[in-house]
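In our numbering, the protein residues as written are 6 to 318.
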């Protein structure tokens, strides 16, 4: 079976059982949370013990195809986050971070505080040998942005484990693929992929859904394998990938890769184009940080960044 750069329609446990050897450098999994979402081909309301048993089954299938230096991220809700951690321990995965994705447009609940977060558990196979590209995700520190402190690390800081800059993809958002009930923000997936894989590596998503992981992987120069149990979703994801007409056009003085990296940086910093145009210090920090991410000896100029913003609207 041809896997690489394919959307495969099937049950991820069964599909992965037919793979002989590890191939995935990075796995991102966003399984059904067992909270009653309406999917085409899956009942999201299993008995708790059945759901936990199924979770162990698909996690074990993924672990078997994860390469020795690989990383494994799992997005999960409150109800089963602890179970995922315990299963990972049993499988020999090592936790690096328990990330909280805090988003706006939280879900209103009855007689409970509004839910405005998702857990993203980050594991590795080998805690001594794994990919973590910190320069690809560093952002300016407050010492740089607010105080212009020359003692601040010129490379910026690594983001903490509470991620705020990625709003939930709601039904009215332009980025929403309206045929799927649950979609991750592309910029969030780009952060994970840029951090925990290298160009040319293979990214596996066993619950591909709307195809965002595959889109992000392709834009960042990674290979992908997407598995989706629902024929309608798999078909739509293939169409989405086919329409990915090189969202890689450069803008102004920046080439395609630089323009994309500028977009990621702005998302990571949770700043707006308008703020960059009106705050000279902020624009200088962004120009300098973009140089860090791109490995440039010479910083970008503020004007180069401002000219490139036209392509990010």
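Cβ atoms here follow ideal geometry from the backbone N, Cα and C, with glycine treated the same way.
Computed from a predicted structure; not experimentally measured.
Q.
Can you give me the C-alpha to C-alpha distance between residue 240 and residue 24, rounded to a whole angstrom?
A. 22 Å
Q. So, helix, strand or coil for residue 73, using DSSP?
A. strand
Q: Please name the residue in 301, 190 and 237 whose C-alpha comes closest to that of residue 12.
A: 237
Q. Counting Cβ pairs, one atom from each stretch, are 3 or more of them under 8 Å apart for the stretch 203-220 and the stretch 29-37?
A. yes
**Q.** Cβ shell of residue 266 (< 7 Å), same chain only, five flanking positions each side left out
**A.** 295, 298 and 299
Q. Residue 144 by DSSP, collapsed to three states: which one?
A. Residue 144: strand per DSSP, three-state reduction.
(Q) Tell me the DSSP secondary structure of residue 223 in three-state form. (A) Collapsing the DSSP output to three states places residue 223 in a helix.
Q | Buried or exposed (CB count within 10 angstroms, at least 16 for buried), residue 137 | A | exposed
Q.
Restricting to Cα atoms, I'd like to know which of 234, 199 and 203 is closest to residue 214.
A. Checked all of 234, 199 and 203; the closest Cα to residue 214 is 234.
Q) In three-state terms, what does DSSP make of residue 182? A) Because the pLDDT at residue 182 is just 48, under 50, the model does not fix this residue reliably, and the point stays unresolved.
**Q.** DSSP bridge partner residues for residue 31 (one or two, in chain order)
**A.** Answer by DSSP bridge pairing, in chain order: 76 and 208.
Q: Leaving aside the five residues before and after residue 86 along the sequence, list all residues of the same chain whose C-beta is less than 6 Å from its C-beta, in chain order.
A: 124
(Q) Mapping the DSSP letters down to three states, classify residue 352 as helix, strand or coil. (A) What is shown of the chain runs 6 to 318, which leaves residue 352 out entirely.
Q) Is it right to say residue 249 is buried, meaning 16 or more other beta carbons lie within 10 angstroms of its own, or is it exposed? A) Looking at its Cβ environment, which holds fewer than 16 other Cβ atoms inside 10 Å, residue 249 is exposed.
Q.
Cutting at 7 Å between CB atoms, please list the residues of its own chain near residue 287, excluding the five before and the five after it.
A. 150, 276, 280 and 281
Q: Within 10 angstroms of the Cβ of residue 19, are there 16 or more other Cβ atoms? Answer buried if so, exposed if not.
A: exposed
Q.
Please classify residue 142 as buried or exposed, where buried requires at least 16 neighbouring CB atoms within 10 angstroms.
A. buried
Q | Cβ pair residue 190, residue 109 closer than 8 Å | A | no
Q) So, residue 196 versus residue 139, is the Cβ gap smaller than 8 Å? A) no
Q: Since I believe residue 174 is in contact with residue 161 (beta carbons under 8 Å), could you give me their beta-carbon distance rounded to a whole number of angstroms?
A: Not confirmed; about 27 Å, so no contact.
Q) With a CB to CB cut of under 6 Å and the five nearest residues on each side skipped, what residues in its chain are close to residue 245? A) 216
**Q.** Where residue 301 falls, given that 16 or more other Cβ within 10 Å makes a residue buried
**A.** exposed
Q: Measure the alpha-carbon distance for residue 82 versus residue 126 and round it to whole angstroms.
A: 11 Å
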